[in-house]
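Q:
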Amino acid sequence: MIGRVLRFLLFPLFIFLPVLGAFGQATHTSAPTTNTITRPGSIQDSGLYDYWTQMSGQGRAGGALLGKLTVEGEPLPWEPLLVTVTCNGKVVYTTQTDAKGNFAITGIRLPGALGKQGDSERQMEAHFEGCLVQGQVSGFRSTAVTITQNNLRDDPEIGTITLGRVNSDASTTISKSTETASPKAIKSFEKARSEMMQQNTDAAERKLEKAVQIDPGFAEAWLQLGKLQTRSDPKTAQESFSKAIAADPKFILPYEQLAALAAQKGDWKTVLDNTNHLAQAYPEGTAEGWYLNAMANYQMGKTDAAEANARKSLALDPHHSILNTEQLLAVILASKGDFNEALKHLQSSLSYVPPGPNSDLLEQQIAQLEKRVGHK
18 MIGRVLRFLL FPLFIFLPVL GAFGQATHTS APTTNTITRP GSIQDSGLYD
68 YWTQMSGQGR AGGALLGKLT VEGEPLPWEP LLVTVTCNGK VVYTTQTDAK
118 GNFAITGIRL PGALGKQGDS ERQMEAHFEG CLVQGQVSGF RSTAVTITQN
168 NLRDDPEIGT ITLGRVNSDA STTISKSTET ASPKAIKSFE KARSEMMQQN
218 TDAAERKLEK AVQIDPGFAE AWLQLGKLQT RSDPKTAQES FSKAIAADPK
268 FILPYEQLAA LAAQKGDWKT VLDNTNHLAQ AYPEGTAEGW YLNAMANYQM
318 GKTDAAEANA RKSLALDPHH SILNTEQLLA VILASKGDFN EALKHLQSSL
368 SYVPPGPNSD LLEQQIAQLE KRVGHK
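Our numbering numbers the first residue of the sequence shown as 18 and each following residue consecutively.
1. With DSSP collapsed to three states, give me the class of Leu-248.
2. By the three-class DSSP mapping on this structure, what secondary structure does Val-150 have?
3. Taking Val-229 as the reference, give the member of Trp-95, Gln-316, Arg-182, Ala-198 with the closest Cα.
4. Taking Gly-234 and Ser-194 to be in contact with their CB atoms under 8 Å, please state how far apart those CB atoms are, rounded to whole angstroms.
5. Would you kindly work out how many angstroms separate the C-alpha atoms of Leu-333 and Lys-361, rounded to a whole number?
6. Spatial neighbours of Thr-53 within its chain, please: CB distance less than 6 Å, with the 5 preceding and 5 following residues excluded, ordered by chain position.
7. Excluding five sequence neighbours on each side, which residues of the same chain lie with their C-beta closer than 6 Å to the C-beta of Arg-182?
8. Rounded to whole angstroms, what is the Cα-Cα separation between Asp-219 and Lys-252?
9. Considering only their Cβ atoms, is the gap separating Thr-103 from Gln-166 smaller than 8 Å?
10. Out of Ile-122, Gly-118, Lys-117, point me to the one whose CA is closest to Tyr-110's CA.
11. So Leu-379 and Val-370 are in contact, right, with Cβ under 8 Å, and what is the actual spacing, rounded?
12. Among the residues of its own chain, which have a CB less than 7 Å from the CB of Asn-326, if the five just before and after it don't count?
13. Hey, Ile-164 and Gly-147: beta-carbon distance below 8 Å or not?
14. Go ahead and pull the three-state DSSP assignment for Thr-195.
15. Are three or more beta carbon pairs between the region 182-191 and the region 201-215 nearer than 8 Å?
16. Just how far apart, CA to CA, sit Phe-356 and Leu-363?
17. Would you give the residue range spanned by the alpha helix (DSSP H) that Tyr-272 belongs to?
18. If we count the other Cβ atoms within 10 Å of its Cβ and call it buried at 16 or more, is Ala-280 buried or exposed?
19. Leaving aside the five residues before and after Glu-222 along the sequence, list all residues of the same chain whose C-beta is less than 6 Å from its C-beta, in chain order.
20. At the level of alpha carbons, what is the spacing between Glu-212 and Ala-187?
21. Pop quiz: Pro-97 and Asp-115 are said to be a contact at Cβ under 8 Å. What is the actual Cβ separation, rounded to whole angstroms?
22. Quick one: is Thr-177 buried, meaning 16 or more other Cβ sit within 10 Å of its Cβ, or exposed?
23. With 16 as the cutoff for other CB atoms within 10 Å, does Glu-89 come out buried or exposed?
24. Measuring CB to CB, does Lys-224 end up less than 8 Å from Ala-236?
25. So, Ala-359 versus Leu-386, is the Cβ gap smaller than 8 Å?
26. Could you name the residues that DSSP lists as bridge partners for Gln-113?
27. Please classify Asn-184: does DSSP put it in a helix, a strand, or coil?
28. Beta-carbon within less than 6 Å of Ile-262's beta-carbon, same chain only, minus the 5 sequence neighbours each way: which residues are those?
29. What residue does the alpha helix (DSSP H) around Phe-356 start on, and which one ends it?
So, in structure tokens, the structure goes:
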């Protein structure tokens, strides 16, 4: 019964989602759900990296490390890229870049670090001193930066890490067509990025149209153009995503977008076809791809596959840029009778979903599950 109720409440959020990964949407949305923060800026408005940089050096000492990622010889992709922290040969922490390539490594989850800077500093030193920070993108090598005691105590800026292409035949989240795009097309593409930074989507769309006119083989430009076209013309957007794939079949992100369009129409077989292809070509997957695959599997009654892939999505999305993944996992778990873990995931979701109708709905769902498992 609880599973059916949760499914009814949650899936309107999933079905009417905009196409995932829109550039204008904040990458880092792991934010507290109260309005009690008195430090400079807003995490929800500026993102995790900008939030920490707006604080004084003393305020963020021990609470965060800040860095930047670049791509050798190519413009930075518009999509967030994974950055990992490796200690003693094991990846212990994952974060993501923002639209400018900046990233932040935090010791403990916000907002706890705000009031416990001493505890945060000790935890950062205990876990991260001497560890390596690298980019994590298939087909690319990454330089590494070592986290020093000075970074943890005095200077949180750890520097820049650089990705360089080593395998042009690998399926990847960075299109190889960007490396060979004409200078004029790149210039228009970068102008489109600047327009997007200013939330001027109409101007950005015009610049992207110019970029693909100049260079029809520019897959990344087709991808970003398609994402903007979904606002008013999903059919044209679908054509743009198909042209991105034709320009670079190893570029896996257009398959994500085709799956997202199909999800909006409730065409779960097409969602599954596209995301299964993505998983086969790019086994490590992406947060968006695993999320869509999990959603399609759940809708088609394949709850074991849905659960496994929802967990994969969560693992690749440390800052919860896809707000509904953990809620989807809760629905799946409740449908399988695991109400205790479902409750834990809904409670976790409430810590980063912004205040509003969605958080109100979460509170209702939590109350239902608490009654089911005997919590007060």
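No residue lacks a Cβ here, since even glycine has one placed at the ideal position from N, Cα and C.
A: Here's the rundown:
1. The sequence as given places Arg at residue 248; Leu does not occur at that position. Coil at Arg-248, not helix or strand.
2. In the structure shown, the three-state DSSP call for Val-150 is strand.
3. Residue Ala-198 is the option with its Cα nearest to Val-229.
4. 6 Å
5. 19 Å
6. The pLDDT assigned to Thr-53 is 27, lower than 50, so where the model puts this residue is not dependable; a value taken from the coordinates is nonetheless given after this. Within the same chain, Thr-53 has no close Cβ partners at all.
7. The answer, listed in chain order, is Phe-157.
8. Straight-line spacing of the CA atoms in Asp-219 and Lys-252 works out to 18 Å.
9. no
10. Ile-122
11. 6 Å
12. Excluding residues within five positions, the ones whose Cβ falls inside 7 Å are Trp-307, Asn-310, Ala-311, Asn-314.
13. yes
14. helix
15. no
16. 10 Å
17. 270-281
18. Under this definition Ala-280 is a buried residue.
19. Leu-245
20. 31 Å
21. 7 Å
22. So Thr-177 counts as exposed.
23. exposed
24. no
25. yes
26. Leu-99
27. coil
28. For Ile-262, where only same-chain residues beyond five positions count, the Cβ hits under 6 Å are Pro-271.
29. 356-367
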